Every structure is written in C-alpha cells, then in structure tokens.
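According to the numbering used here, the sequence shown is numbered sequentially starting from 16.
The beta carbon of each residue, even a glycine, is placed where N, CA and C say it ideally should be.
On a predicted model such as this, the values are computed, not experimentally measured, just so you know.
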Amino acid sequence: MDTSLVLVLLLAPFLGFLFNVFLGKKAGKSIVGIVGTLSVAVSFAVTLYLFGNAGQEPIVVNLFDWISIERFDVSFGFLIDQLSILWLLFVTGIGSLIHLYSISYMHDDEKMHSFFAYLNLFIFFMITLVMGSNLLMMFIGWEGVGLCSYLLIGFWYKNQDFNDAAKKAFIMNRIGDLGFLIGIFIVGSLFNTLDFTTLKTTITSANDINATWIAVAAFALFIGASGKSAQIPLYTWLPDAMAGPTPVSALIHAATMVTAGIFMITRLNFLFDMAPSVQEIIAVVGAVTALVAATIALVQNDIKKVLAYSTVSQLGLMFLALGLGAYEVAVFHVITHAFFKACLFLGSGSVIHGLHGEQDMRKMGGLKKAMPITFITMLIASLAIAGIFPLAGFWSKDEILMTAYHENKALWVIGSIASIMTAFYMFRLIYLTFFNSFRGTEEQKHHLHESPSLITVPLIILAILSFFGGIISLPGHSWLNHYLAPLFSKATHEAHTLGSTEYMLMAIATIGAVVGIGIAYKKYLKDNTIPSEDAEITGVSKVLYNKYYVDEAYDAIFVKPVNVLASFFRDSVETTLSALVFGLGKVTNEIALQGKKVHNGSVGLYLFAFVIGVIAIITYLFLQ
C-alpha cells in the first residue's frame, strides 16, 4: 500500500509532463491546463492522506538496489517522515494553486503546453528531492529542479536577456552543486553509506568520528545549499530569475527550489550538529545575506525585483536559524514564507497582467479601486512578511529573532534591522502600486480591471493561510515543534514561553515593523514621493539600486577573464593545432601523390629500384 501511494505521489506530475509534451499541442489549452493542474492536485491529495495516516516511525520504500560495491550500497528508494511530508504539503499544495493560476495567466501563450510540461516536471523532481531516502536520490531531484528552472526562467527565449538570466541561474547553481557533490563524496567515503537513516544512526552513536573531515563535508554541503537557496556570494542569480513568467517566480521563490538548501541542511541536522564551526559560518552568512538583500530591496522599482530581494533576505533569516541549531524554527519560517511570498508573487502577476506587462512601480498607482481583491490579498501578505501581529510572519520571524537574541546578540541586531527594512520596502511597494493617482498610460487606465477568478481564488486562499498560518507554532503551544521532534538528534529547541524578555523582544520587533511602515507611509503616501528615474539616482541610492555592483565585479573578476581565455584558445591555440593537424595531412597527401607517380608499371624501373636498395643496405652494413 505504501509503495503504491508513494509511486502515485511521485509519478502523477510526471504523467502530466508526458501528456503535455506529446499530446498537449493537439489537446488544446484548456485540456493542457486541466491535466497539468490535476496531476499535481493528485499528489497533494496523496500527501494529505499520508499526513493524516502516517505514524511516528518513518516509512521507507526501497524499489530496488541501485549501486552495490563491496561495503557500499545505494538503493533507489524513498523516505516518508515528518520533514518530507511537511515539505510535500506546501510543494504540492502551493504548486497546485500556481498551476491553477497559470491556466488563466498563460492562456494567450502559444507554447502553453510546454509551460505546463516544464511545471509538471519541476514538481516531479522537487518531490524526488524531498522524498529521496539517500543523498544520491536527493541529488537527482536537486539537479532536476536546476534543469527545470533553466527551462522555465528562459521560457520566453526569444528575448536574449531572458536567455542570459536562465544561463546565469544554471551556471551559478552548478557552482554550488559542485560543493554538494564533494560533500556527498566525503560522506560516502567516511561512512560507506549515503542513506539518511543509516547515517543518522552511525553519526549519533560513533565515538571516534574525524571532526575535521566532518567539518569539511558540512562546509561543502553548505556551499551546495548556498547556491540553491541564494546566499552570499551565490545569490545574484535569483533576482535575475524574474525574467521567467510570474507563476515561475512564485514556484521557484516561494515554496520549492529556493527552500531546497534549507531542506537539505535540516535533513542532515545530525551531521551539522557535529560541526559547530560550520554552523557559526551558516549563521553569519545568513544574517549578512538578510541585511544586504534588504538594503538592495529598499530602492528597487521593478515590483518583481523587490519581491526577489525580499526572498533572498528571508532565506537569510532561515539560514540564521539553521546556523543557531533551531531547525524547527527555520522550517516554521519556510512554511509561513511559502504562504505570504506565493501570495505576493501571484498578486504582482495579477497587477502585471492588469497593466499588460508593466512591472515598474513608478508607472502604477491607484490600483486599489480597480483591483480590490488583488490589493487586499497583497496587503495581508505584506503585513505578514512585515511581522505584524497576529499574522503568520509575526510568529515565525519572532521565533528566529528570539533564538538569535539568546544565542548571539550581534546577529539579533542584524536580523532586527533587516526586519525593519522588510516592513519599509514592502509597504513602499503597496503604496506605490495601489495608492494615490494612476501614473500609467491612458490605454492602461481604460483597460484596468480585476483579474479573473482563476487568478484571484489562489490569491484569496494564500492570503487566508498568510493570516492564520502561524497557529501551527505558537509560543508554548507549538504543534510543529512536537511534530518534528523525532527528527533531531539533539533536544529540540524549547518553544519560547512568554516571559518578560520574550514580551520585550516581541514589542521591539512589532515597533520596528510599525516604524518601517510609518516611514514608508510618510514618504510614499502622505508626501506622494515618486522614485527618481534611473538616470537621476545618485549617491548611496545609486549603489543600492545597482546592487552594490556585485554583478559588475563578478563580470570583471570571473566572466571577462574566462571569455578572454576562451577567445585565446579559440583564435590562437585551436587555430595552431588545426593548422598543424591539417598540415601533416597535406604533407602526407603530397608524399602519396609523388609516390604514386613512381608506380608506372615498368618492370625495369622496379628492378632498378630493388638493386639500388640492396646496394644501399650492403653499403650500410659494410660501413658499420
């Protein structure tokens, strides 16, 4: 029974992919959308069944032995436990909503069948990543979502900028993936297994573990997580991934691909607990990423770019929690973030759809009346991400900041500043988009209207989840902590009880969020300030607007030298080698042509050549 359910859960999206690839164009757009959405909905239904019926003990399904070399065995199998079920819930659940949204959003695209095929394949690989029972199975899913992200980001491939964004995402993820692969090799070499259950038993019970190699393995795995979850220095691909259609942005940035790094570290918590030095690095990198990304988001004018840097910042907070050993807190923020960030991305898509492709907030405004459902849902999601009581983001972000306060006050300060900035730039987005007068064209104004129900229904569902999602882990009554407790080798972080310190921290966080919102209100609503045109931006704002010139630095340090080296090899080395090879061919050919002239059929000439040869040999021997 378990095997059948797991296979249905896994293969339903893959069957949707096959249908849309081979039959989608003939079937028509409506059928494509229905099949694509239902295939993911089936996986969600199976996940709900497993969630309701799974016990405390994990379910392991081994389909067959994959690799067997002496003492090293790898099975092709799946692991169903509390962590994988949680991830599957929002991967397939939010994935279903995004598929439903895409039916309307992509209806006018001539390659809609290809789009749904890629989406289905993406979900298939994400399920493989989450359910894999060993590191090699996880790696298959890991690389699969990387491939699908390339296809989806570059979906509108006729635009060269979109192609460049897809290539950038693919290459930068490969850099991280190399670290992940090295980590897998080290773990396999140390323990002769890649199976998660066996690894946990071996590591937690061993007394003579090589701490140095454990730390190296953990650091290599962290590099892999940094690439996939867009942490400094491998974060620049994610904002550029906005080139893809908006449903892709929601799928990649909200609940799936970018959370894979957090999932992997949480899955291997017993390994990272043995490397406290690496955990410190993770916490610092996470905090710095949260702050840097938040500062960049302050001045961006593209609505999707603001949300992209917001995602990087929120992922930084999750890594901060991971580095402090609060895995369940990181998971909590992953879940709430999936709700409100999916709502925000889909809401931005609704706005872009209503404005016929316009993404610059300077050319929006006054959309509150024309798009009331989009406005209300995005407002709720913005309040959630800002950390306003009692919405979902308040509880999860508060848990992270409380943990940081008790473990490292410097990181708490950084996280708090990033959170204040989050409140500011999110309400800057709300005020510029929905309030004051409309700043677009007359044609856009004439056609302004609320998006159809296939777009607004997912928004409403996600807004409700953004409001109430925090109830899964309330201070002192955390269902989530209890649910995840069997996963962690160390004692699970105690759910914070509400003492005087905790109330103080909650008050500080709330006041910070209100201050951020207040500054945005004063500047963009009351004073009706419109951000400057690109050419007029100066000073610090220009540095932030240009993302600290990190892309330019990467181009100068890595891209241009590689291009120069490639040109040298192409124009000089390859040309020289080709000339040498072809030259030898020409010499050989010429010798053959001249030699052919000697073969004229004259027996006398052949005898003469024979005698000359014999005389030459005898002379040589005589002289020796």
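If residue i and residue j are in contact, beta carbons under 8 Å, what's the gap, nearest whole angstrom?
i      : j      : result
Lys562 : Ile311 : 5 Å
Met379 : Arg454 : 6 Å
Gln232 : Leu286 : A quick correction: the sequence has Ala, not Gln, at residue 232. Contact holds; Cβ gap of about 7 Å.
Val273 : Lys243 : 7 Å
Gln374 : Gly338 : The Cβ separation is near 34 Å, so there is no contact.
Ala309 : Phe355 : Not a contact, Cβ separation roughly 16 Å.
Gly402 : Ala302 : Gly402 to Ala302, Cβ: 16 Å. No contact.
Ser39  : Ala132 : The displayed chain sequence assigns Gly, not Ser, to residue 39. Going by Cβ atoms, the distance from Gly39 to Ala132 rounds to 6 Å, so yes, they are a contact pair.
Thr351 : Gly485 : 6 Å
Gln97  : Leu359 : Contact flag wrong, Cβ pair sits at about 28 Å.
Leu335 : Leu426 : 6 Å
Val314 : Leu559 : 5 Å
Phe139 : Phe59  : Not confirmed; about 14 Å, so no contact.
Pro291 : Tyr120 : Pro291 to Tyr120, Cβ: 46 Å. No contact.
Return helix, strand or coil for residue i, following the three-state DSSP convention.
i      : result
Ala506 : Note that Ala506 has pLDDT 49, beneath the 50 cutoff, so the model's placement of it is unreliable and the number below is only indicative. The answer is coil: DSSP assigns Ala506 none of H, G, I, E or B.
Phe390 : helix
Trp665 : Residue 665 falls outside the range modelled here, since the chain spans only 16 to 639, and no answer is possible.
Phe179 : The question names Phe, yet the displayed sequence has Asp at residue 179. In the structure shown, Asp179 sits in a helix (DSSP, three-state: H, G or I).
Ser587 : helix
Gly514 : coil
Gly92  : strand
Gly372 : coil
Leu398 : helix
Ser493 : coil
Asp210 : strand
Gly147 : strand
Met552 : Per the sequence shown, the amino acid found at residue 552 is Ile instead of Met. Of the three classes helix, strand and coil, the one that applies to Ile552 here is coil, per DSSP.
Leu193 : helix
Asn284 : helix
Leu477 : helix
Ile435 : helix
Leu236 : helix
Arg454 : coil
Ile247 : coil
Met279 : helix
Met521 : helix
Thr634 : helix
Ser617 : coil
Glu465 : coil
Ser547 : coil
Gln97  : helix
Ala385 : coil
Leu671 : Nothing in the structure corresponds to residue 671, since the chain is present only between 16 and 639.
Thr271 : coil
His114 : helix
Gln459 : helix
Gly380 : coil
Gly259 : coil
Give a yes or no on whether the C-beta atoms belonging to residue i and residue j are separated by under 9 Å.
i      : j      : result
Pro260 : Ala323 : no
Asp80  : Phe87  : no
Ile218 : Val307 : no
Met694 : Gly159 : Because the chain here runs from 16 to 639, residue 694 falls outside it and cannot be looked at.
Ala27  : Val57  : yes
Ala275 : Leu112 : no
Ala353 : Ile277 : no
Phe34  : Val21  : no
Tyr172 : Phe185 : no
Thr143 : Leu25  : yes
Phe32  : Asn178 : no
Ser493 : Ile487 : yes
Trp228 : Leu205 : yes
Gly191 : Ser241 : yes
Leu332 : Ser434 : yes
Val530 : Ala438 : yes
Gly381 : Phe450 : yes
Could you confirm whether any beta carbon from chain B is found closer than 9 Å to the beta carbon of residue i?
i      : result
Glu414 : No chain B appears in this structure, which consists of one protein chain only.
Original post:
Do three or more CB pairs link the stretch 415-429 to the stretch 362-377 at distances below 8 Å?
Top reply: no
Original post:
Would you say the stretch 524-537 touches the stretch 381-393, given that touching needs at least three Cβ pairs under 8 Å?
Top reply: no
Original post:
Counting Cβ pairs closer than 8 Å, one from the stretch 366-374 and one from the stretch 435-447, do we hit at least three?
Top reply: no
Subject >> Contiguous beta strand (DSSP E) assignments of at least 3 residues, all confined to the stretch 31-88 >> reply: 74-84
Original post:
Per the contact definition of three or more C-beta pairs closer than 8 Å, is the stretch 57-66 in contact with the stretch 112-132?
Top reply: no
Original post:
Going along the chain, which unbroken runs of the beta strand (DSSP E) with 3 or more residues stay wholly within the stretch 286-368?
Top reply: none
Subject >> Three CB pairs or more closer than 8 Å across the stretch 145-161 and the stretch 94-108 >> reply: yes
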